[in-house]
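Asker: Going line by line, the protein sequences match chains Y and L. Residue 1 is where the first sequence starts when you use the numbering used here, and the numbers rise one by one after that. Residue 119 is where the second sequence starts when you use the numbering used here, and the numbers rise one by one after that. Mind having a look at this structure? Questions to follow.
Number of protein chains: 2
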Amino acid sequence: MNKDTEPLDRASAEEYASWFKALADATRIQLVSLLARRRAPMTVGEIVAASGVGQSTVSHHLKILAEVRFVLVERQGTASLYRINEACVSCFPTAADVVMGTPVPARPSASEGACDGT
Amino acid sequence: MNKDTEPLDRASAEEYASWFKALADATRIQLVSLLARRRAPMTVGEIVAASGVGQSTVSHHLKILAEVRFVLVERQGTASLYRINEACVSCFPTAADVVMGTPVPARPSASEGACDGT
DNA sequence: CTTATTCATCGATAATCGACGATATTCGAT
DNA sequence: ATCGAATATCGTCGATTATCGATGAATAAG
């Protein structure tokens, strides 16, 4: 499946790390969890109200989550609707992937975009 | 399985984050990957040589990985033998766990220690 | 006892990051 | 065009973090 003793190059290590960094903060975990439990998209205002985190902080974290495609945005009037990217949830790398040298997954662009081998 | 719309308390979010933080650094990813590919335990010196990272830096990251039980240490003479904690690899939380509100896994103490329900 | 080896720890430094308040931007309504 | 609401961005502060070099502790060897 992979080069057996190949020590994993720095670039792949950084890609892996960038995945885990996205969830390496308690506030982002809360936002992701919140968006996942409400099945429907949420506006920033709703997220701010529901999470008790400051507006600029929420916006900042949502941006980070959107950059790694973990959440998807859709502007609607003056509001921004955020929702979970299910594809990103399912292809998020596991520790076993790191250990086994699985190729780093690509970032799915849409909710129905395939992860790697689907 | 879980309280449906319960927004995930801060404490659980921080526990989750602490798991992901362990792998949120490229150097730690490399060390974990390196230890995993060599099936046998490695000394710090071997890890330093094989990874090309400074000795104190390696020692620092190994300490972090050991604190979260991701690697196990065993002193042998003047050397320290590090090896992967397979139990920690297999119970490492996934993004789906966060989304579904799975209870945060406990840190397995030994390689053969059970994760949660095994 | 002395010395060399192996590793952990300390101190310093620079970079990153999270949170906040204030400001800017975007867009709908009037 | 103007106003107001919703959100993004900016500047800053404080805290954490990654890396390095040097020092120190433990142990094995001579």
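In this text, a Cβ means the ideal position worked out from N, Cα and C, and glycines have one as well.
Alpha carbons only, please: which of Ala-106/Y, Cys-88/Y, Ala-79/Y and Glu-46/Y is nearest the one belonging to Val-71/Y?
Answerer: Ranking the options by Cα distance to Val-71/Y, first place goes to Cys-88/Y.
Asker: By DSSP, does Thr-236/L sit in helix, in strand, or in coil?
Answerer: Here the model assigns Thr-236/L a pLDDT of 48, short of 50, so the residue's position is not dependable and the matter cannot be decided.
Asker: Please determine, among Leu-153/L, Gly-219/L, Leu-183/L and Gly-195/L, the residue with the shortest C-alpha to C-alpha distance to Pro-226/L.
Answerer: Of Leu-153/L, Gly-219/L, Leu-183/L and Gly-195/L, the residue nearest in Cα terms is Leu-183/L.
Asker: From which residue to which residue does the beta strand (DSSP E) around Arg-83/Y run?
Answerer: Residues 79-84.
Asker: Start and end of the alpha helix (DSSP H) containing Arg-225/L?
Answerer: Run containing Arg-225/L: none; DSSP gives neither H nor E here.
Asker: Which residues of chain Y have a Cβ atom closer than 7 Å to the Cβ of Lys-139/L, listed in chain order?
Answerer: Ordered by position in chain Y, the residues that pass the 7 Å Cβ test against Lys-139/L are Ala-24.
Asker: Compute the Euclidean distance between the alpha carbons of Thr-27/Y and Val-104/Y, then round it to the nearest angstrom.
Answerer: Cα to Cα, Thr-27/Y sits roughly 25 Å from Val-104/Y.
Asker: Under the three-state reduction of DSSP, which class applies to Glu-192/L: helix, strand or coil?
Answerer: Strand, per DSSP.
Asker: Does DSSP put Arg-128/L in a helix, in a strand, or in coil?
Answerer: DSSP places Arg-128/L in helix when its eight states are reduced to three.
Asker: Measuring CB to CB, does Phe-92/Y end up less than 8 Å from Ala-213/L?
Answerer: Going by C-beta atoms, Phe-92/Y is nearer than 8 Å to Ala-213/L.
Asker: Using the three-state DSSP reduction, which class does Thr-212/L fall into: helix, strand or coil?
Answerer: In the structure shown, Thr-212/L sits in coil (DSSP, three-state: anything other than H, G, I, E or B).
Asker: Once you ignore the five residues that flank Glu-133/L on each side, which residues in its own chain have a CB closer than 8 Å to its CB?
Answerer: Excluding residues within five positions, the ones whose Cβ falls inside 8 Å are Val-222.
Asker: Report buried or exposed for Ser-56/Y, applying the criterion of at least 16 other Cβ atoms within 10 angstroms of its Cβ.
Answerer: Counting Cβ neighbours within 10 Å, Ser-56/Y comes out exposed, since fewer than 16 surround it.
Asker: Less than 7 Å between C-beta atoms, sequence neighbours within five positions excluded: which residues of the same chain meet that for Leu-126/L?
Answerer: If we look at Leu-126/L and ignore the five residues flanking it on each side, its Cβ neighbours are Gly-219.
Asker: Residues of chain Y with a CB under 7 Å from the CB of Thr-212/L: which are they?
Answerer: Correct list: Phe-92 and Thr-94.
Asker: On a Cα-Cα basis, can you pick out the residue from Arg-156/L, Pro-159/L and Leu-149/L that is closest to His-178/L?
Answerer: Minimum Cα distance to His-178/L is reached at Leu-149/L.
Asker: With distances taken from CA atoms, which of Ala-135/L, Arg-193/L and Leu-152/L is nearest Ile-202/L?
Answerer: Taking only the C-alpha atoms, the option nearest Ile-202/L is Leu-152/L.
Asker: When DSSP builds the beta bridges, which residues end up paired with Thr-43/Y?
Answerer: Bridge partners of Thr-43/Y: Leu-81/Y.
Asker: Within 8 Å of any Cβ in chain L, is that where the Cβ of Gly-101/Y sits?
Answerer: Gly-101/Y counts as touching chain L.
Asker: Return no unless some Cβ of chain Y is closer than 8 Å to the Cβ of Gln-194/L.
Answerer: Answer no: the Cβ-Cβ gap between Gln-194/L and chain Y never drops below 8 Å.
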